[in-house]
Amino acid sequence: MKSKIGKIIPYLYLAPSVILVVIFCIYSDFFSLIVSFAEWDGLNEMNFVGFQNYIKMFQDPNFLLSSLNTLIWVIGTLLIPVSIALIFAIAITHVKTQSFFKTVFYLPNALSQTIAGIILTTILSTYGLPHLLGVLGFESLAKDWLTVPYLNTVIMVVSSGWQGIGMNLILFIVGLNQIPKEPIEAARIEGAKGIRLYTMVILPLLKPIMLIVLLMSLVNSFKSFDTIWVMTNGGPFRTSETLAVTMYKEAFVHNQLGYGSAIAMFLSVTVLIISWFLLRDTFKGEE
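Quick look at the structure:
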């Protein structure tokens, strides 16, 4: 009897987490999938409309523009926090003051995106940096930059990327420190050095950590919401919305929960497909 109870106890410890995952993740996903095939405002009875929400999605100019903005976020996320973090990680790996640089680069990550967005919005307001530039004689720059379409998207991508450098930097440093020395020393004996040493030996050995960083960055770029909502609210005229912001607005501002769920399903499937391709190549390499 005691042995049977002993076998059950570990599962009891897992039960609360499993229940929460089932309720808030699995059940929510299936419910959102059902709602995506309906017209529903959250209060009245659902009216199932088949694939009408998905057809409407690809005909909606706001959805197409938010898809383009999301692509810009993905590209910016790969260029700024990933590439810059990798360069800095390589530069400071063997520096004695490595812990100091880790702290400096990680500090922005300690701020929430909401707080960082509020700070940057204040700096870029007409009473902040633009006003200072106007006083210095650059009158053409004395305007609210966050109201300029596409320029505001670039500013927000840079802001989010600046915050993401710290975590990626630490992950890359951990990966570089775990690389065995033997392959590197053998490559140096063969004459490999500089960029060739990194491209031919070090970076391929860093692939597992690089995959983790890429997946984290991609997922974060697809679900970008906080920074955009605080800094521009998706404006002006919905030109800076990403798919996450469009999903929220359609579902909870315009009360079109069916249409918002369809966008959520599209976003989820896109992230799953990209993640599957990345992980598939990695698992093939380990076989």
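Just so we're aligned, residue 544 is where the sequence shown starts under our numbering, counting upward by one. We put the beta carbon where it would ideally sit given N, CA and C, even for glycine.
Which same chain residues end up closer than 6 angstroms to Leu629 when comparing Cβ atoms and leaving out the 5 residues on each side of it in sequence? Phe715.
Terminal residues of the continuous alpha helix (DSSP H) containing Ile627? Annotation: the continuous alpha helix (DSSP H) that includes Ile627 extends over Ser626 to Ile635.
Short check: CB of Ala659 to CB of Thr669, under 9 angstroms? Judged by their CB atoms, Ala659 and Thr669 are not nearer to each other than the 9 angstroms cut-off.
For the 8 angstroms Cβ check, are there 3 or more pairs between the stretch 778-797 and the stretch 604-614? The stretch 604-614 and the stretch 778-797 touch, with three or more beta-carbon pairs separated by less than 8 angstroms.
Between the CA atoms of Asn763 and Gly618 - distance to the nearest angstrom: The sequence given here places Ile at residue 618; Gly does not occur at that position. Cα to Cα, the separation comes out at about 12 angstroms.
Does Trp819 pass the burial test, meaning 16 or more other C-beta atoms within 10 Å, or should it be called exposed? When all chains shown are included, Trp819 counts as exposed.
Sufficient close CB pairs (3 or more, under 8 angstroms) joining the stretch 792-801 to the stretch 581-591: Touching, yes, given that three or more Cβ pairs across the two stretches are closer than 8 angstroms.
What separation, rounded to the nearest whole angstrom, lies between the Cα atoms of Ile837 and Val700? The shown model of the chain, from 544 to 830, leaves out residue 837, and the question about it has no answer.
So, with DSSP's three-state summary, where would you put Glu582? Looking at Glu582 - three-state DSSP - the assignment turns out to be strand.
Measuring straight from C-alpha to C-alpha, what distance separates Phe591 and Ser579? In this structure, the straight-line span from the alpha carbon of Phe591 to that of Ser579 is close to 9 angstroms.
With distance defined between alpha-carbon atoms, name the residue in Phe567, Asn776, Ile708 and Ile817 nearest to Leu689. The shortest Cα separation from Leu689 among Phe567, Asn776, Ile708 and Ile817 belongs to Asn776.
To the nearest angstrom, how far is the alpha carbon of Ile817 from that of Leu719? Their backbone Cα atoms lie some 26 angstroms apart in a straight line.
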